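Going line by line, the protein sequences match chains A, B and C. Under UniProt numbering, the first residue of the first sequence is numbered 1, with each subsequent residue one higher. Under UniProt numbering, the first residue of the second sequence is numbered 1, with each subsequent residue one higher. Under UniProt numbering, the first residue of the third sequence is numbered 1, with each subsequent residue one higher. A short write-up of the structure that comes next.
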Amino acid sequence: MLIATKINVSIGKTPILHGVNFDAQAGQLSAVVGPNGSGKTTLLKAMTGDLPYTGSVVLDGTDVKVIPGTQLATRRAVLPQAAGLAFPFTVLEVVRLGLTAGLGAQDRGLPQRALAHVGLAGFEGRLYHALSGGEQQRCQLARVLTQVWEPKRDGQASWLFLDEPVSALDIGHQLEVMTIARQFADAGGAVVAVMHDLNLTSMFADSILLMKSGHSVVQGNPQAVLSDEYLSRAYGCRVRVNVPPFHVQDAPYILPHMADLI
Amino acid sequence: MAVVEAGSQFASRQAGDRSGRAMTVLIGCAILLVVMMMASLTVGASGTSLFQALMAWASGEPIELRERVILFDIRAPRTLLGALVGASLAVSGAVMQGLFRNPLADPGLVGVSAGAGLGAILAIVLGGLLPPALAVLTGMYTVPVAAFVGGWLSTILLYRVATRKGRTSVAVMLLAGIALGALTGAVAGLMVYIADDNQLRDLTFWGLGSLAGATWAKLMVAGPLIVLALAATPFLARGLDALTLGEATAGHLGIPVQRMKNIAILTVACATGASVAVSGGIGFVGIVVPHLLRLSVGPSHRYLLPISALLGAAFLLGADMISRTIVAPSELPIGIVTATIGGPFFLYVLLRNRSLLDM
Amino acid sequence: MRIRMLTGVAALLTSALSTSAFAEDRVLSIGGSITEIVYALGEQDRLIARDTTSSFPSSVADLPDVGYMRALSPEGVLSVDPTLIIAEEGSGPLETIQVLESANIPFITIPDGFDRQAVATKIQAVAQALGVPEKGAELAAEIDAQLAALDTSVDAPARVMFILSTQGGRIMASGTNTAADGIIALAGGTNAVVGFEGYKPLTDEAVTLAAPDVIVMMSRDGDHATEDADLWAHPAISTTPAAQTQSVVRINGLLLLGFGPRTPEAATALHSALYDEG
Chain A
1 MLIATKINVS
11 IGKTPILHGV
21 NFDAQAGQLS
31 AVVGPNGSGK
41 TTLLKAMTGD
51 LPYTGSVVLD
61 GTDVKVIPGT
71 QLATRRAVLP
81 QAAGLAFPFT
91 VLEVVRLGLT
101 AGLGAQDRGL
111 PQRALAHVGL
121 AGFEGRLYHA
131 LSGGEQQRCQ
141 LARVLTQVWE
151 PKRDGQASWL
161 FLDEPVSALD
171 IGHQLEVMTI
181 ARQFADAGGA
191 VVAVMHDLNL
201 TSMFADSILL
211 MKSGHSVVQG
221 NPQAVLSDEY
231 LSRAYGCRVR
241 VNVPPFHVQD
251 APYILPHMAD
261 LI
Chain B
1 MAVVEAGSQF
11 ASRQAGDRSG
21 RAMTVLIGCA
31 ILLVVMMMAS
41 LTVGASGTSL
51 FQALMAWASG
61 EPIELRERVI
71 LFDIRAPRTL
81 LGALVGASLA
91 VSGAVMQGLF
101 RNPLADPGLV
111 GVSAGAGLGA
121 ILAIVLGGLL
131 PPALAVLTGM
141 YTVPVAAFVG
151 GWLSTILLYR
161 VATRKGRTSV
171 AVMLLAGIAL
181 GALTGAVAGL
191 MVYIADDNQL
201 RDLTFWGLGS
211 LAGATWAKLM
221 VAGPLIVLAL
231 AATPFLARGL
241 DALTLGEATA
251 GHLGIPVQRM
261 KNIAILTVAC
271 ATGASVAVSG
281 GIGFVGIVVP
291 HLLRLSVGPS
301 HRYLLPISAL
311 LGAAFLLGAD
321 MISRTIVAPS
331 ELPIGIVTAT
341 IGGPFFLYVL
351 LRNRSLLDM
Chain C
1 MRIRMLTGVA
11 ALLTSALSTS
21 AFAEDRVLSI
31 GGSITEIVYA
41 LGEQDRLIAR
51 DTTSSFPSSV
61 ADLPDVGYMR
71 ALSPEGVLSV
81 DPTLIIAEEG
91 SGPLETIQVL
101 ESANIPFITI
111 PDGFDRQAVA
121 TKIQAVAQAL
131 GVPEKGAELA
141 AEIDAQLAAL
151 DTSVDAPARV
161 MFILSTQGGR
171 IMASGTNTAA
181 DGIIALAGGT
191 NAVVGFEGYK
201 PLTDEAVTLA
211 APDVIVMMSR
221 DGDHATEDAD
231 LWAHPAISTT
241 PAAQTQSVVR
251 INGLLLLGFG
261 PRTPEAATAL
271 HSALYDEG
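Shown next as structure tokens:
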């Protein structure tokens with residue numbers, strides 16, 4: 001269970017987040033959505049300790065600030081949005097960095113399994129620099145999965161924090177990656193994902209936080225959050241949410257209107 | 001159990017895993033270093049040969065005093081100091097490049113050597129002004145320690161200026177290096193004005209970059225500092241590898257980033273300071289060696305750091321052999337030799353990495 | 001330095017006594033003036049090598065060069081297999097000298113000095129080191145007599161500024177207690193720069209204030225006419241009396257500043273350059 005309470009973040013003198021509350025549970029995929037500049041990534045970075053914040057982030061009963069970094073690394077992995085690499089590592093070498101946290105150190109075959117899991121089997125010897133943007137993103141996901149391979153360990157959930165994990169992917173790989181995240185949650189792990197695409201979010205998330213201008217608009221299940229009213233308010237345009245017949249699980253399906261910006 | 005062993009054996013030979021090749025290169029470089037050390041003991045302006053001397057000794061003949069001095073008082077300390085300085089220059093370069101996440105960072109290029117040099121100059125010129133008690137305490141360590149402090153302060157300054165939010169701007173780094181170089185140059189110029197003729201001579205000799213002054217005493221002073229720095233590098237490898245993904249990600253991988261950076265900075269300062277103090281300004285080793293190795297064994301610091309040490313040592317011994325035989329019985333400052341090899345190489349690296357400078 | 005010289009001489013004497021009288025016949029000479037003295041003593045056949053500053057007489061160029069006198073490499077020196085090293089004061093570095101001493105090669109440092117007495121002392125010290133003190137006494141007396149015979153008295157001594165270099169527009173001039181200061185005095189001039197010892201860069205104001213009548217520099221290969229033009233164009237120098245009369249004297253550096261057997265010649269040359277020009 002992750003409970004973030006009254007998170008405020010300022011960069012320089014500019015306040016970015018204004019008392020945002022957020023919670024996420026083991027066994028669930030919790031998404032954060034909102035328009036560009038609404039503070040989604042900032043919230044994720046605050047919760048992972050990459051940005052200074054006020055408020056509290058409590059992970060499974062303990063404030064994350066007091067959990068030692070090495071211990072945290074065995075329970076939580078973070079996939080950043082852009083991952084440039086300073087030196088020409090191979091794909092396998094990048095994924096192996098996931099073993100750094102120490103958990104998988106005994107399991108040398110893990111990086112390969114993780115690569116196969118994200119659809120990059122056979123890419124081990126390629127240079128990371130030579131991959132496409134989408135391949136790089138999946139390679140990083142494999143690294144992150146290597147770090148917390150078991151969704152649930154010793155009765156405790158492992159945590160995946162993903163910052164726009166499918167932003168550079170084609171639709172096929174988007175589904176593939178979201179399915180991996182979904183499976184991780186279904187196996188007892190916890191996933192927190194900043195998402196851009198509302199429909200994908202709608203299909204895969206158990207819980208959604210909708211943000212606007214550094215404020216939380218609403219958090220709840222997709223049916224509650226993905227409504228005409230909330231989305232129009234957050235995105236500043238009129239949207240229509242409906243449930244087309246070809247879709248699964250009655251997930252709301254969102255189409256933006258062509259005209260009528262609010 | 002045996003199956004698991006076999007499995008992991010198999011796993012370590014897979015595609016994308018360059019550790020096997022790295023081990024080969026490591027062993028190759030170790031052999032090369034031994035050969036270079038032997039050669040360094042054998043080659044010189046005088047005809048004295050280690051093997052002849054050993055053969056003579058084996059056959060019971062006494063070794064002549066002149067031969068003994070050449071082998072044990074000149075070539076032996078020079079060979080050891082050359083190997084240590086070469087190792088420390090190459091490792092400093094590799095660590096600094098890992099720390100700044102940039103293949104162009106080098107203590108010589110970005111002002112760390114200049115800072116260390118300023119420390120040494122201050123110690124040479126103003127050493128006499130130390131309170132006698134302190135001077136006795138630091139003794140012959142004054143110059144290396146001052147060089148270390150100079151290198152340390154400039155590395156910290158450089159890092160503070162060039163790094164913002166865990167990202168290092170290469171342009172800022174190089175500009176800060178130029179500023180640092182100009183500043184140290186100015187203070188050094190002031191010191192030259194204050195210095196008397198004897199000190200001036202020391203400064204000139206020191207600034208040329210040479211291993212000619214290698215003595216057992218110098219080895220005893222600089223050796224421990226360099227060995228200490230080299231001994232710290234295995235603990236940096238994991239952290240520097242993780243750092244390649246950025247400071248935040250390294251932290252998420254469980255690396256105590258700040259502590260690791262501090263150790264890296266201390267290591268660079270220690271190694272550069274000690275090297276600069278005993279051998280003056282020898283450039284380009286720190287950029288040529290790690291770069292060549294990244295091309296062959298990949299950038300993983302687990303192998304890059306130890307192999308850099310070996311190859312750096314071998315490279316400098318080679319350069320030193322050129323420097324002391326090419327115009328024998330006189331000798332060329334070794335800095336000229338390394339710069340002649342390193343300058344064009346650096347331009348080549350720069351051309352190939354131009355996009356990095358636009359960051 | 002003096003102590004080392006004495007112990008060196010002592011070591012030499014004992015070794016000379018223990019072996020033959022001409023044991024030290026492989027001599028390495030470090031320092032231009034030392035080499036000149038060896039030649040003047042007629043002992044040049046014993047020389048087996050020299051340093052970079054030894055450039056006179058021209059036949060020394062045939063000897064191996066062991067490098068710059070202040071940056072000697074120990075193995076380079078040992079490789080020419082000397083049995084005696086005679087070096088000008090300031091040769092080094094210290095590490096090299098220590099190694100050479102540990103190889104039991106006598107390393108004799110000849111004290112430097114920049115007056116008439118110093119020339120004689122230097123000659124005698126070199127002769128002593130070579131084991132030819134009688135020849136030394138003779139040569140010293142001869143040179144000393146030449147120096148004594150110099151008639152450098154003038155009514156109004158010229159104010160002379162010795163400029164070592166003008167690199168980057170910075171005037172590096174000689175203060176007191178230098179070879180330049182010494183030779184100016186021997187030639188009957190007055191050093192215009194007296195505020196400090198050694199060679200130091202001068203500010204433009206200090207150049208103007210020194211107001212030299214004549215500027216003395218070392219001659220080099222190359223186009224002196226252009227160099228002169230540059231010199232007079234220098235803003236500070238252009239204000240001096242020397243610039244108005246365009247008085248610059250260029251003499252070979254080793255001749256001028258060596259303080260060896262050619263010092264009478266140098267003093268005479270400088271004196272006539274200072275005062276004889278119409």
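Heads up, the beta-carbon is just placed ideally off N, CA and C, and yes, glycines get one too. Predicted model only: the values in this text are computed from it and were never measured.
Proximity of chain A to histidine 291(B) at the Cβ level (cut-off 8 Å) is not reached, the minimal Cβ distance being about 10 Å. Contact annotation for threonine 215(B) against chain C: Glu95, Gln98, Val99 [CB-CB distance below 8 Å, chain order].
The Cβ neighbour count for isoleucine 163(C), taken over all protein chains shown within 10 Å, is at least 16; the residue is labelled buried.
Boundaries of the alpha helix (DSSP H) around valine 268(B): 257-279.
Residue range 54-59 is occupied by the beta strand (DSSP E) that includes glycine 55(A).
Taking C-beta atoms under 8 Å as the contact rule, valine 95(B) and leucine 316(B) fail to qualify, at a distance of about 17 Å.
The closest CA to that of arginine 238(B), considering only Ile180(A), Thr14(A), Ala101(A), Val64(A), is found on Ala101(A).
In this structure, the beta-carbon distance from glycine 151(B) to glycine 189(B) does not fall below 8 Å.
Leucine 209(C) is not bridged by DSSP to any residue.
Using a C-beta cut-off of 8 Å, the segment 46-63 of chain C makes no contact with the segment 17-32 of chain B, since fewer than three inter-stretch Cβ pairs fall below that distance.
In the DSSP assignment, serine 165(C) is bridged to Met172(C). Residue contact with chain B for threonine 90(A): present (Cβ-Cβ distance below 8 Å to some residue of chain B).
Within the segment 21-55 of chain B, no complete beta strand (DSSP E) segment of 3 residues or longer occurs.
A distance below 8 Å separates the beta carbons of alanine 314(B) and leucine 33(B).
Leaving aside the five residues that flank glycine 251(B) on each side, the residues in its chain whose CB is nearer than 7 Å to its CB run, in chain order, Val257. Between alanine 267(C) and alanine 149(C), the gap from beta carbon to beta carbon reaches 8 Å or more. Contact annotation: the segment 292-305 of chain B does not touch the segment 170-189 of chain B, with fewer than three C-beta pairs closer than 8 Å.
Residue state for aspartate 181(C) is assigned as helix, using DSSP reduced to three classes. When the five nearest sequence neighbours on each side are left out, the beta carbons in the same chain lying within less than 8 Å of the beta carbon of methionine 38(B) are those of Leu50, in order along the chain. For isoleucine 30(C), the enclosing beta strand (DSSP E) covers residues 27-30. Contacts with chain B (Cβ-Cβ distance below 9 Å) from the segment 59-77 of chain C involve Pro64, Asp65, Val66, Gly67, Tyr68, Arg70, Ala71, Leu72, Ser73, Pro74, Glu75, Gly76, Val77, listed in chain order.
Cβ-Cβ distances below 6 Å link alanine 82(A) to nothing in the same chain once the five nearest sequence neighbours on each side are left out.
Of all residues in the segment 213-239 of chain C, none is placed with a Cβ closer than 7 Å to any Cβ belonging to chain B. Isoleucine 30(C) places its beta carbon 8 Å or farther from that of isoleucine 105(C).
Residue burial annotation: arginine 76(A) is buried, with at least 16 other C-beta atoms found within 10 angstroms of its C-beta. Taking the Cα positions, valine 239(A) is about 7 Å away from leucine 231(A).
Rounded to whole angstroms, the gap between the alpha carbons of alanine 121(A) and arginine 18(B) is 18 Å. By the neighbour-count criterion, in which 16 or more other beta carbons inside 10 Å mark a residue as buried, serine 272(C) falls on the exposed side. Straight across, the Cα-Cα distance linking isoleucine 226(B) with alanine 232(B) is about 10 Å.
Beta-bridge partners of lysine 135(C) (DSSP): none assigned. Within its own chain, the residues whose Cβ lies closer than 7 Å to the Cβ of glycine 115(B), once the five positions on either side in sequence are excluded, are Gly150, Gly151, Leu153, Ser154, Leu180, Thr184, listed in chain order. Contact of alanine 56(B) with chain C is not assigned, every C-beta pair being separated by 8 Å or more. Within chain C, Gly76, Ser79 have C-beta atoms less than 8 Å from the C-beta of alanine 328(B), given in sequence order.
If you draw a 10 Å sphere on the C-beta of lysine 13(A), you find fewer than 16 other C-beta atoms in it, and that means exposed. Neighbours of aspartate 73(B) in chain A, taken as residues at a C-beta separation under 7 Å, are lacking, since the least C-beta distance is about 43 Å. Secondary structure note for tryptophan 216(B): it is in no beta strand (DSSP E), and the uninterrupted alpha helix (DSSP H) holding it is 216-232.
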